[in-house]
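For the sequence shown, my numbering begins at 14 and goes up steadily by one. No residue lacks a Cβ here, since even glycine has one placed at the ideal position from N, Cα and C. In this text the structure is predicted, and so the values were computed from the model without any measurement. Each remark here refers to the structure printed beneath this line.
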Amino acid sequence: MNSLRRMLQILDLYGADTPVLDVETICARLNYPPATTYRYLKELCTSGLLIRSPEGYAPGPRFIEMDLLIREFDPLVSRCRPLLRSLVEQTGLDVLIGQQYGERILTTHQETGPERFELLFGRGRTMDMFRSSTARIVTAYLPTRHLRRLYEKNQEIDYVQRLGKEWPVFSAHMQELRRAGYCITKEQINPGIGGISAPIFDDAKRIFGSLTLLGTLERFEAISPEALASLIQPAARAVSRALAQV
């Protein structure tokens with residue numbers, strides 16, 4: 014592993030449970046010597062990616078600049094915003110774009126509807142690959158070898174077992190989602206919230222992420238699953254075409 018990658022691994026340690034890290038923790042988790050760790054931290058602070066605080070080191074102002082840049086100029090969202098707004102206006106539901114990020118799904122954009130509710134997996138937050146329609150439809154389209162490895166790594170988790178206690182059962186469930194071309198879940202992460210998701214593919218036809226319509230169960234269940242599917246599937250295909258042009 015080159016020194017640049019080793020330095021960037023420090024950023025991988027940050028999360029909701031670890032917003033600030035001290036040198037000792039970084040050294041222990043990455044098995045880096047203190048001198049090397051201090052050198053990397055100095056470079057990350059100089060670039061604005063980290064900032065020093067009394068408790069240690071925290072994400073720096075460069076992330077705020079980059080977030081604003083993405084919010085205002087993300088090429089995929091810019092191309093698709095009229096489509097996303099149209100979905101909101103037709104259904105009264107929120108629209109999410111989720112992107113695969115390693116073995117997680119990151120919500121990269123949320124177009125809000127008339128209802129106001131707080132999502133536990135709103136923009137900038139990650140979720141695992143199994144619990145919501147946003148993530149599960151992406152999981153269904155993973156290559157078989159990758160899918161099996163992911164399943165075997167997580168098969169002891171209760172909500173993964175509900176999808177199949179053995180690989181053949183789980184695999185059959187994923188095949189059903191692929192045949193349908195969409196996934197519906199209710200109250201998987203947020204109480205009282207339901208969603209329907211369809212896959213987004215990149216220009217090489219590889220799974221990229223998903224497009225989701227979601228809202229309170231009262232509003233979500235007022236529209237038939239067939240009607241929701243007839244909206245989300247062509248919209249996801251349009252987003253896939255837009256992604257190929259970015």
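Same chain only: Cβ atoms within 8 Å of D87, ignoring 5 sequence neighbours per side: Cβ contact annotation for D87 (same chain, cutoff 8 Å, sequence separation greater than five): T121, H122, in chain order.
Other residues of its chain near I236: CB distance less than 7 Å, five sequence neighbours each side excluded: Around I236: T104.
Endpoints, alpha helix (DSSP H) assigned at A48: Residue range 47 to 59 is occupied by the alpha helix (DSSP H) that includes A48.
Whole-number beta carbon distance between I197 and S146, since they are thought to touch under 8 Å: Sure, about 6 Å apart at Cβ, within 8 Å.
Touch test, the region 169 to 180 against the region 52 to 71, Cβ-Cβ under 8 Å, three pairs minimum: Output reads no: the region 52 to 71 does not touch the region 169 to 180.
Three-state secondary structure (DSSP) of L133: Looking at L133 - three-state DSSP - the assignment turns out to be coil, as it is neither helix nor strand.
Endpoints, alpha helix (DSSP H) assigned at Y172: Run containing Y172: 171 to 174, per the alpha helix (DSSP H) assignment.
Rounded distance between the beta-carbons of S99 and R75, thought under 8 Å: In fact, because the Cβ distance is near 35 Å, the residues do not count as touching under 8 Å.
Secondary structure, beta strand (DSSP E): runs of 3+ residues fully inside the region 65 to 93: You should have 69 to 72.
C-alpha gap between V151 and R84, whole angstroms: One C-alpha to the other measures close to 23 Å.
CB of G208 within 8 Å of CB of A148, strictly: The answer is no: Cβ separation not under 8 Å.
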